[in-house]
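In the working numbering, each residue carries its 1-based index in the sequence shown increased by 135.
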Amino acid sequence: MKRIFTLALQGLAAVLPVALTIYLVYWLLHTMESVAGKVLLLLIPEAWYFQGMGVLSAFLALVLVGILVKVYIIRHLFRMGEALLGRTPLIKSVFGAIKDFMRMFAPGERQNAESVVLVEIQDNTHLIGFITGRQTAANLFPDSSEEMVAVYLPMSYQIGGYTLYLESRRLKPLDISVEEGMRIALTGGIQGGSGTTR
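In structure tokens:
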């Protein structure tokens, strides 16, 4: 009986990640189709609409936004909107946290190549962290003789973590992507990577 139960758990461990991934992709596409489809039906005759047009239009809209934010005037308007949200009580905390988190995964970010680091907390004991900012640390510690950086340490199997301000010499950059580093940290190292220190 124990053997059967173990096999069932192994089967669940194999199927669950795939099933959840498929479900999340389906939910995302369905939501995009539902929301964008309703907007399209306000703009075009229903006879012109076909299944999947909502997803296609949403994707094209995101591409268009990505192009527009590179235009100076549009980028300036976006920054004005962000500044307004950044000054609104309650909203500014949520908006700032989400923006900073997403910035870690932005492909064009200058810090991305060195975002994943090892933090040595004592001899031969390390934590995986993510460099989230240098300017903030510099503003907080203007008199420091060492370069200070903000490092986010996520907790395994939880949504949360700690932000530490550390001397950059205490950090060892890892030659892995942010996505791989986050996966290793959040799963407690069960799904390991092949990164090396630089």
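Glycine included, each C-beta is placed from N, C-alpha and C at the ideal position.
None of the values given here were measured: they were computed from a predicted structure.
(message) Between E302 and E281, how many whole angstroms is the CB-CB distance? I'm expecting something under 8 Å.
(response) Translated into positions along the sequence shown, residue 302 becomes position 167. Translated into positions along the sequence shown, residue 281 becomes position 146. The C-beta distance from E302 to E281 rounds to 4 Å, short enough to fall under 8 Å.
(request) Consult DSSP for Y287 and reduce its assignment to one of helix, strand or coil. (result) As a position in the sequence shown, residue 287 is number 152, starting the count at 1. In the three-state DSSP reduction, Y287 falls in the strand class (E or B).
(message) Rounded to whole angstroms, what is the Cα-Cα separation between M283 and L151?
(response) On the sequence shown, position 148 is the one that residue 283 refers to. On the sequence shown, position 16 is the one that residue 151 refers to. Rounded to whole angstroms, M283 to L151 spans 41 Å at the Cα level.
(message) When you compare the stretch 167-176 with the stretch 184-193, are there three or more beta-carbon pairs, one atom per stretch, that lie closer than 8 Å?
(response) Three or more Cβ pairs drawn from the stretch 167-176 and the stretch 184-193 lie within less than 8 Å of each other, which places the two stretches in contact.
(request) Check whether the stretch 199-217 touches the stretch 178-189, taking contact to mean three or more Cβ pairs, one atom from each stretch, closer than 8 Å. (result) The stretch 199-217, when compared against the stretch 178-189, does not touch it at the 8 Å Cβ threshold.
(message) Classify Q145: buried if its beta carbon has 16 or more other beta carbons within 10 angstroms, exposed otherwise.
(response) Numbered from 1 along the sequence shown, position 10 holds the residue referred to as residue 145. So Q145 ends up on the exposed side.
(request) State the DSSP-derived secondary structure class of V204, mapped to helix, strand or coil. (result) By 1-based counting over the sequence shown, the position of residue 204 is 69. Of the three classes helix, strand and coil, the one that applies to V204 here is coil, per DSSP.
(request) Would you kindly check if the distance between the Cβ of S291 and the Cβ of A320 is under 9 Å? (result) Taking the sequence shown and counting its residues from 1, the one referred to as residue 320 is at position 185. Taking the sequence shown and counting its residues from 1, the one referred to as residue 291 is at position 156. Remark: C-beta atoms of A320 and S291 approach each other more closely than 9 Å.
(request) Determine the DSSP secondary structure at T298, reduced to helix, strand or coil. (result) As a working mapping, residue 298 is identified with position 163 in the sequence shown. The answer is strand: DSSP assigns T298 an E or B state.
(request) Taking 9 Å as the cut-off, decide whether the C-beta atoms of G264 and L253 are in contact. (result) Within the sequence shown, numbered from 1, the residue matching residue 264 stands at position 129. Within the sequence shown, numbered from 1, the residue matching residue 253 stands at position 118. Closer than 9 Å, so yes.
(request) Kindly indicate which residue of L288, T166, A143, L155 has the alpha-carbon position closest to the one of V313. (result) As a position in the sequence shown, residue 313 is number 178, starting the count at 1. With distances taken between CA atoms, V313 lies nearest to L288 out of L288, T166, A143, L155.
(message) Given a cut-off of 9 Å on the beta-carbon distance, is the pair A122 and I311 in contact?
(response) A query on residue 122 cannot be resolved here, the shown segment of the chain reaching from 136 to 333 and no further.
(message) Please report the distance separating the alpha-carbon of Q246 from that of R269.
(response) Here residue 246 refers to the residue found at position 111 when the sequence shown is read from its first residue. Here residue 269 refers to the residue found at position 134 when the sequence shown is read from its first residue. A caution first: Q246 carries a pLDDT of 48, below 50, which makes its placement in the model too unreliable to give a value.
(request) Would you kindly report the start and end of the unbroken alpha helix (DSSP H) that includes L225? (result) Stepping through the sequence shown from its first residue, residue 225 is reached at position 90. It is not in any alpha helix (DSSP H) - L225 carries neither H nor E in the DSSP assignment.
(message) Distance check for A148 and A154, CA to CA, integer angstroms please.
(response) In the sequence shown, residue 154 corresponds to position 19, counting from 1. In the sequence shown, residue 148 corresponds to position 13, counting from 1. Using only the alpha carbons, I get a separation of about 10 Å.
(message) Here's a check: name, in chain order, each residue in its chain whose Cβ is nearer than 8 Å to the Cβ of R305, leaving out the five neighbours to either side.
(response) Here residue 305 refers to the residue found at position 170 when the sequence shown is read from its first residue. Excluding sequence neighbours, R305 sits near V254, E255.
(message) Please report the straight-line C-alpha distance between V174 and K234, rounded to a whole angstrom.
(response) Here residue 174 is taken as the residue at index 39 of the sequence shown, counted from 1. Here residue 234 is taken as the residue at index 99 of the sequence shown, counted from 1. Cα to Cα, the separation comes out at about 26 Å.
(request) May I ask you to report which of helix, strand or coil DSSP gives F265? (result) Numbered from 1 along the sequence shown, position 130 holds the residue referred to as residue 265. Here F265 sits in strand by DSSP.
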